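One structure below.
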Amino acid sequence: MSGILEARNRIAELMAEAIKKAKESGKLPDVNIPEVPLEHPQVPSYGDYASSLPLRLGRLMRKSPVEIAETILFMLPTSPEISKASVAAPGFINFTLSDEWLTGQVDSIISDGDDYGRLQLGHGEKMQLEFVSGNPTGPLHVGHGRGAVLGSTLAEVLRLVGYDVKTEYYINDAGSQIANFGRSIYARYCQTLGVDKEMPEGGYFGDYVKDLAREIVADEGRLLLSSPEEEALARITEIAVRRMLDRIKSDLKLLGVEFDVWFSESTLYSSGQFDNVMKILGEKGYLISREGAIWFTSSSLGEDKDNVLIRSDGQPTYFASDIAYHYNKFVERGFDEVIDIWGADHQGHVSRMKAAVAALGIDPDRLTIIITQMVTLYRNNEIVRLSKRTGDIITLKELIDEVGADACRLFFLSRAADSQMDFDLELAKEQSSENPVYYIQYAHTRTCGVLRYAKGKGITFDDGDTSLLTSESELDLIKKMVLLPEVIEAAAKTLEPHHLVYYAIDLATVFHSFYKQCRIISEDSKLTKARLKLVTAAKIVLGKTLALMGLNAPETM
RNA sequence: GCGCUUGUAGCUCAAUUGGAUAGAGCGCAGCCCUGCGGAGGCUGAGGUCGCGGGUUCGAAUCCCGCCAAGCGCGCCA
Numbered sequence: 019m020s021g022i023l024e025a026r027n028r029i030a031e032l033m034a035e036a037i038k039k040a041k042e043s044g045k046l047p048d049v050n051i052p053e054v055p056l057e058h059p060q061v062p063s064y065g066d067y068a069s070s071l072p073l074r075l076g077r078l079m080r081k082s083p084v085e086i087a088e089t090i091l092f093m094l095p096t097s098p099e100i101s102k103a104s105v106a107a108p109g110f111i112n113f114t115l116s117d118e119w120l121t122g123q124v125d126s127i128i129s130d131g132d133d134y135g136r137l138q139l140g141h142g143e144k145m146q147l148e149f150v151s152g153n154p155t156g157p158l159h160v161g162h163g164r165g166a167v168l169g170s171t172l173a174e175v176l177r178l179v180g181y182d183v184k185t186e187y188y189i190n191d192a193g194s195q196i197a198n199f200g201r202s203i204y205a206r207y208c209q210t211l212g213v214d215k216e217m218p219e220g221g222y223f224g225d226y227v228k229d230l231a232r233e234i235v236a237d238e239g240r241l242l243l244s245s246p247e248e249e250a251l252a253r254i255t256e257i258a259v260r261r262m263l264d265r266i267k268s269d270l271k272l273l274g275v276e277f278d279v280w281f282s283e284s285t286l287y288s289s290g291q292f293d294n295v296m297k298i299l300g301e302k303g304y305l306i307s308r309e310g311a312i313w314f315t316s317s318s319l320g321e322d323k324d325n326v327l328i329r330s331d332g333q334p335t336y337f338a339s340d341i342a343y344h345y346n347k348f349v350e351r352g353f354d355e356v357i358d359i360w361g362a363d364h365q366g367h368v369s370r371m372k373a374a375v376a377a378l379g380i381d382p383d384r385l386t387i388i389i390t391q392m393v394t395l396y397r398n399n400e401i402v403r404l405s406k407r408t409g410d411i412i413t414l415k416e417l418i419d420e421v422g423a424d425a426c427r428l429f430f431l432s433r434a435a436d437s438q439m440d441f442d443l444e445l446a447k448e449q450s451s452e453n454p455v456y457y458i459q460y461a462h463t464r465t466c467g468v469l470r471y472a473k474g475k476g477i478t479f480d481d482g483d484t485s486l487l488t489s490e491s492e493l494d495l496i497k498k499m500v501l502l503p504e505v506i507e508a509a510a511k512t513l514e515p516h517h518l519v520y521y522a523i524d525l526a527t528v529f530h531s532f533y534k535q536c537r538i539i540s541e542d543s544k545l546t547k548a549r550l551k552l553v554t555a556a557k558i559v560l561g562k563t564l565a566l567m568g569l570n571a572p573e574t575m
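This is the structure:
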């Protein structure tokens, strides 16, 4: 366990011990004590941790919270982590971490190195994280980018805290939309070769469809015109989907997002898993035949209506294959927990998916669905819906090309998933020099610069004594560095990695402030060595935070 | 109409999940280079936390009711 969490636990233990002793000696009534709450006071002068436990015990114990707090404080054992504990109205106990403990953490961070922040929360539990999963019928758009950044960051965080995480992209390569896409490509293919062929109704009219058709013409020539239409259609669909997927993969790679598994929907059918799951649902009595279709009786599970699984034309719906897919995740592949990240347009699907999982006899609490709200693009305060270049919807690639991958990631990451976000393209570019991403990265390059300079001067500092770090800006920096494990813990528990962004900005701020305040390499060789250790540790923490967010940690800028 | 999500500084967003004086970036008004990288540091102005009730020691946070925005409500995915 990392330092700060040990210290925090220690404080909770000390309090529990104090209360126990107070109860035994009759100074406090014998009531059950809830878990000790510990938080960071808003005002730094109050201390590093505060507990409101006395306030909560007030009613239970029928005593004034201040009195309870004073009794606990009186009984509180001393501990090297804590230099000061005090009572504050209306019933808080405030704790200050000792300078000795804090400066000792610098050495501890250095020895942890890249493992700094590693926790054991997951205990190797098998967890699957599915995200993006955009249909291979078109390029990824901006909203997919948000899910991609959230998902990939979450995966890193959850791995770091001890989950066995697999990331997965579900490829909807079966069903009516794929058929429709194939017919659209086929029509464009024919048209490109001067053969009259109408686009299907509700087909894909984007320019990328024409581009794809032209690519296929370039590769295959007129060959497919001579095949029977059904055969040509199948072949063209296959080629087009593969090409679309390649493009999706490369767009994601630009954002630094890669997947462990690309799962094909059509394998659910070819392997018989789909039929098996339908059979199970039928045996459990959740299927009903009505109006020529087969329905999932979700209303019996508290949903507001039933849902069609097999259409009257015999074709399964997307929902049906998604049920089979989730059965595959939990039962066939044995994931303990599954997290799906979906766009806002899928939120109507959430509760019925959970109902379906429950119907299959799987505890629906093992499935967590995160909905990311919409991204609205702006340019100079005007909403941008369509790309000037193609006239189509703005693609993820265009966004990355325009603002850069790091800025793109940081921006997407800095908003909680459930709040809609506005993304002003001009602002993102204009501010590029003032952008938080550069501010954070610059802090990292500064650590590198100093360490380079020290190395050039032949300074070694393995024997540096960190207890010499006593100035306010040094201790403020250490206090912030020490918090990373707590931030990671919070991000993992709430599945909200946006905390990392705010932490990174705070960390960069205290580092820049320290850098301004303290001359690192000076005539005082002992202090120089101590400060170089501090800079080394700061580099580790900044680097780790950037890496977790999937941002570059440049040595120079 | 029903469901989900959101409403916090001029703008974009946080708030350790019920805690003490609600914070940051941008923007705005100033100040700081005799420094290892100024892509930096420091200071200031700016808030009825959408509105109204309620719950309790304590509410931006929980409950109820309004108002507003986004997304759903298909034998599309």
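The first sequence begins at 19 in the working numbering and counts up by one. The beta-carbon is built from N, C-alpha and C at its ideal position, and this holds for glycine as well. Model, not experiment: these values are computed from the prediction.
Tell me whether residue i sits in a helix, a strand or coil according to DSSP, three-state version.
i: GLY169; result: helix
i: MET371; result: helix
i: ALA106; result: strand
i: LYS184; result: strand
i: LEU327; result: strand
i: LEU263; result: helix
i: ILE189; result: strand
i: PRO334; result: strand
i: HIS58; result: coil
i: GLY21; result: helix
If you drop the 5 nearest sequence neighbours on each side, which residues of the same chain put their C-beta closer than 7 Å to that of residue i?
i: ALA434; result: GLU514 and HIS516
i: HIS530; result: ALA461
i: ILE418; result: LEU272, LEU273 and CYS426
i: GLY482; result: LYS547, ALA548, LEU550 and LYS551
i: SER46; result: Checking the sequence shown, residue 46 turns out to be Leu, not Ser. Excluding residues within five positions, the ones whose Cβ falls inside 7 Å are ILE37, ALA40, MET79, ILE86 and THR89.
i: ARG261; result: LEU230 and GLU233
i: GLU504; result: ILE22 and LEU23
i: VAL279; result: LYS184 and GLU186
Report, in whole angstroms, the separation of the C-beta atoms of residue i and residue j, which I expect to be a contact under 8 Å.
i: VAL402; j: ILE412; result: 6 Å
i: VAL356; j: LEU385; result: 5 Å
i: VAL500; j: LEU120; result: 7 Å
i: LEU137; j: ILE506; result: 6 Å
i: LEU487; j: LEU552; result: 6 Å
i: LYS547; j: PHE479; result: 4 Å
i: CYS536; j: SER485; result: Wrong, their Cβ atoms sit about 16 Å apart, outside the cutoff.
i: ALA250; j: LEU242; result: 4 Å
i: LEU211; j: ARG253; result: So it is not a contact: roughly 15 Å between Cβ atoms.
i: MET567; j: ALA522; result: 7 Å
i: ALA526; j: TYR471; result: About 20 Å; that fails the 8 Å criterion.
i: MET145; j: VAL84; result: MET145 to VAL84, Cβ: 45 Å. No contact.
i: PRO55; j: LEU71; result: 6 Å
i: ALA25; j: ILE51; result: Their Cβ separation, rounded to whole angstroms, is 21 Å, which puts ALA25 and ILE51 out of contact at 8 Å.
Could you tell me which residues DSSP puts in a beta bridge with residue i?
i: GLY361; result: THR390
i: TRP313; result: ILE306 and VAL326
i: ASN112; result: ALA68 and SER104
i: PHE441; result: LEU395
i: LEU404; result: ILE411
i: VAL279; result: GLU186
i: LYS144; result: ASP182
i: VAL356; result: GLN146 and LEU385
i: HIS159; result: THR413
Within the same chain, show all residues whose beta-carbon is closer than 8 Å to that of residue i, passing over the 5 residues directly before and after it, in chain order.
i: HIS162; result: VAL150, GLY152, GLY361 and LEU414
i: LYS323; result: SER316 and SER317
i: ASN570; result: ASP424, GLN459 and LEU564
i: GLU321; result: SER369, ARG370 and ALA373
i: TYR336; result: ASN190 and GLY193
i: ASP410; result: GLY224, ASP225, TYR226 and LEU404
Quick one: residues in its chain with C-beta nearer than 6 Å to the C-beta of residue i, no 5 flanking neighbours on either side, listed in chain order?
i: LEU545; result: LEU486
Would the region 162–182 count as touching the region 201–214 if we require 3 or more Cβ pairs under 8 Å? In short, these stretches do not touch, since the Cβ pair count stays below three.
Touching or not, the region 182–192 and the region 439–453, by the rule of three or more beta carbon pairs under 8 Å? These segments do not touch.
Can you confirm whether the region 221–238 touches the region 378–397 when touching is taken to mean that 3 or more C-beta pairs between the two stretches lie within less than 8 Å? Touching, no.
Three or more C-beta pairs under 8 Å: does that hold for the region 482–498 against the region 548–564? Touching, yes, given that three or more Cβ pairs across the two stretches are closer than 8 Å.
Taking contact to mean 3 or more Cβ pairs, one atom from each stretch, closer than 8 Å, check whether the region 337–347 and the region 280–295 are in contact. Contact between the region 337–347 and the region 280–295 is present: three or more C-beta pairs spanning the two stretches fall below 8 Å.
Would you call the region 302–314 and the region 218–227 touching, i.e. three or more CB-CB distances under 8 Å? Under the 8 Å Cβ criterion, the region 302–314 does not count as touching the region 218–227, having fewer than three qualifying pairs.
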